[in-house]
Amino acid sequence: MSVLTPQSSSHFDVIIIGGGSLGQATAWQLGKRKVRTLVLEQFTFLNQLGSSGGVSRQFRIPYPEEYMVKLVKQSVPLWEELQALTPVPLQDKVGTLWFGDPTVHSTEGNIGEAEKALENQGVPFTTLDAGEIEKQYHFRNLPETYTGLFQPDGASINLRATLETLLQWNTLSSFVTLLDNAPVTTIVDNKTHFEVTTPQGNFTADKLVLTPGPFANSVFNLLNFQINATYWNMASAYFKVTQPGIQYPTWFVFQNPVDDHGSVNGNQFYGFPEVSWNYPGYVRVASDFVMADLSSPEQRTFVPNPKELGYTAQWVADHMTGLEPVPSFTSTCLVSLSTIKNKELLLGFAPEYVPNHHRITFCTTGWVGKFVPLMGRILSDLTVDGHTPYDISHFGARPNFFSAFTAAK
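Here it is in C-alpha cells:
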C-alpha cells in the first residue's frame, strides 16, 4: 500500500470514494492496469456499518431475467482469478434452492421465469415438487402446491475473506493508496480534474469512481444529484444446529404476504448453510422484507426489528428440521434499494446534467455481493476505456433513476 506522507503527491489518476467490497474490487482491477488510484473510506476498512456488513452472501445463478443469468456466469472467471490470490476458500459450493408458491412474483423474481432464463442460457437445474424438497433438503410441512428448482453451482460467499483478499492485494500494490477515516466533505470540478476534500487532506484526480454503498447520496449530493432510494435495516438470525450432518443449501422461499390482524406483512425468507467462518454450529436465516423502511442511512440500528425476527423464528419452527427454533445470535445489514421496480442495481456514468459526467462512474443499490469481482472489472473498464464488453444496458443512468439536488444556501 502506498502511504501518504507530507511529501507525497496528492494527485491521482482515479479517486474511489467508498472502500467497501466494490471500491476494493475496482481498485484491484485499476491497480492491475497500473492506474494510480486512491481509495477513500469514511469509516475504517472492513467495517460493519454499510452494505458490506455480515460475513456471508449468496452466490446463485437463478434469475428471472436472462441477462442477469448471463452476468452471473460471466462473474465466475473473475471469482476464480480472485480465489487464486488466497488459500482461503471464498465460496462454499452447496447449491441454490428456490422454492415456494410458483405464482408468486417478488423482487427476487419468479420460479417459472427463472427456469426459462436458465434453460435459455444452458444452465443445468433440477425441478422439484413439495415432497422432493422436503425429502432432499430437510424442509417440512410445505403446502402440496409448492414447487422448486435446485441449481448445483450455488454457494455461500465468504464475504469477509473476499474483502480481506482484496484489501491485502491493494495494500501490496504500488499503484493503490488506501486511506480510511476519510469522509469526503466537498468535491470541486475544476474542469480538468476533481478536487476532493477530506479531514485528512485535499486530493485531486482526473476521474472519480463512486462506490459509497447505502451512503451514496451523501457523496452524490456533493455533485448535485441524488438517487431515488429506500433503505432497509435487514435482519438475520442464527439458529443452533441440533442434528449434526444436516446441510442446507443456500435457499429462498417464495410466498404470498400474510394477513396479521388486518395488516399485510412480508412472508419471504432466505437462508445459508452452516459455514466454518460464521458461527460454526449455527445456520443463518433472514427475512427478505422489512416492517418499516428507513428514510436515511443514519436511522440504521444494530438491533433487528423484533417482529421480523418473530416471523423468521416461527417459519424456522414450522418448516425447518434439525434447528433450535429460538435465535441464538442476530445481526443487521444496511441496504439501499432503488425505487425503480425490480431494477435495484444502478451502474454506469453520472447523469448527463452533471458536468464532466463521463469522468464519473458509480455503482450503488441492490444485491451485488455475487458480482463483486465483476463489478470491479466493469467499473475499471468504464473509468479507463469509457465502455465495457459486459452488457450493462439495463442498469445505466436514466432520468427516473435520479433527481437533481441543490444544497441549502
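Sequence positions in the sequence shown follow my numbering and run 729 to 1137. Cβ coordinates follow ideal geometry from the N, Cα and C atoms, glycine included.
The secondary-structure analysis by DSSP pairs Lys968 across a beta bridge with Tyr1010.
Per DSSP, the unbroken alpha helix (DSSP H) holding Val1044 starts and ends at Pro1034 to His1047. CA-CA distance, Leu799 to Ile789, rounds to 9 Å. Contact annotation, Ala933 with Val742: C-beta distance approximately 6 Å; criterion of less than 8 Å satisfied. The shortest CA-to-CA distance from Ala910 to any of Leu818, Gln928, Leu1022 and Leu936 is the one to Gln928. Sorting Thr926, Leu1037 and Ala944 by C-alpha distance to the C-alpha of Asn995 places Leu1037 at the top. In terms of Cβ geometry, Ile955 and Thr835 do not form a close pair [threshold 8 Å]. Between Phe1000 and Asp908, the gap from beta carbon to beta carbon reaches 8 Å or more. In this structure, Gln757 is the residue among Gln757, Gly746, Phe740 and Ser738 with its C-alpha nearest to the C-alpha of Met1103.
The alpha carbon of Ser749 has as its nearest neighbour, out of Val783, Ser1024, Val763 and Arg761, the alpha carbon of Val783. According to the DSSP assignment, Leu951 belongs to no beta strand (DSSP E), since it is labelled neither H nor E. Beta-bridge annotation (DSSP): Trp897 is not paired with any residue. Shown here, Tyr959 sits in a strand according to DSSP, grouped into three states.
DSSP, read as helix, strand or coil, puts Val804 in helix. Judged by beta-carbon spacing, Val947 lies within the 8 Å limit of Ile745, meaning their Cβ atoms are closer than that value. Restricting attention to beta strand (DSSP E) runs no shorter than 3 residues, the region 807 to 876 encloses them at 819 to 821, 824 to 828 and 854 to 857, ordered along the chain. Shown here for Asn1033: same chain residues with a beta carbon closer than 8 Å to its own, the five before and five after excluded, namely Asn961, Ala963, Val1018, Met1019 and Ala1020 in chain order. For Thr1067, there is no enclosing alpha helix (DSSP H), since its DSSP letter is neither H nor E.
With a threshold of 16 other beta carbon atoms within 10 Å, Val1100 meets it and is buried. In this structure, Glu862 keeps its C-beta atom at 8 Å or more from the C-beta atom of Phe967. Bounds of any beta strand (DSSP E) do not take in Ser749; it lies within the alpha helix (DSSP H) bounded by Ser749 to Lys760. Taking the Cα positions, Tyr1007 is about 44 Å away from Glu923. Short of 7 Å from the beta carbon of Gly840, and not among the five residues preceding or following it, lie these beta carbons of its own chain, in chain order: Pro830. Counting along the chain, Ile1106 sits inside the alpha helix (DSSP H) bounded by residues Val1100 to Asp1113.
At the C-beta level, Ser1064 and Tyr959 come within 8 Å of one another.
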